[in-house]
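Just so we're aligned: 3 in the working numbering is position 3 of the sequence shown, and the numbers increase by one with no gaps anywhere.
A short write-up of the structure that comes next.
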Amino acid sequence: MPLDLRAFLTLHATVGARDEEATRQVLRDVALNLERKTAHKIVTMLERSISVGARVWLQRLA
């Protein structure tokens, strides 16, 4: 279980019922963190793809 989700579940179990805004803020933070991780994965995948493509292109030139 990702740490962010674990933190959310802990907060929800302890505070969530009493503090709805805190629960919403944790959900926003978890969503933002997931967006960043997804963006990082996409960039890494593109960098690898470009790197492989560049190597193939350079090998064809040689």
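Even glycine gets a Cβ: it sits at the ideal position worked out from N, Cα and C.
Any non-hydrogen atom of the ligand NAP within 6 Å of residue i CB
| i | result |
| --- | --- |
| Gln-59 | This structure lacks the ligand NAP, and indeed carries no ligand of any kind. |
Where residue i falls, given that 16 or more other Cβ within 10 Å makes a residue buried
| i | result |
| --- | --- |
| Val-26 | buried |
| Arg-24 | exposed |
Nearest-angstrom Cα separation, counted from residue j out to residue i
| i | j | result |
| --- | --- | --- |
| Arg-36 | Val-30 | 10 Å |
| Thr-7 | Gly-53 | Before going on, a small fix: residue 7 reads as Ala here, not Thr. Between Ala-7 and Gly-53, the C-alpha separation is close to 40 Å. |
| Thr-38 | Ile-50 | 18 Å |
| Met-45 | Arg-55 | 15 Å |
| Lys-41 | Arg-28 | 20 Å |
| Arg-60 | Leu-34 | 39 Å |
| Arg-48 | Glu-20 | 42 Å |
| Leu-32 | Ala-22 | 15 Å |
| Leu-58 | Val-43 | 22 Å |
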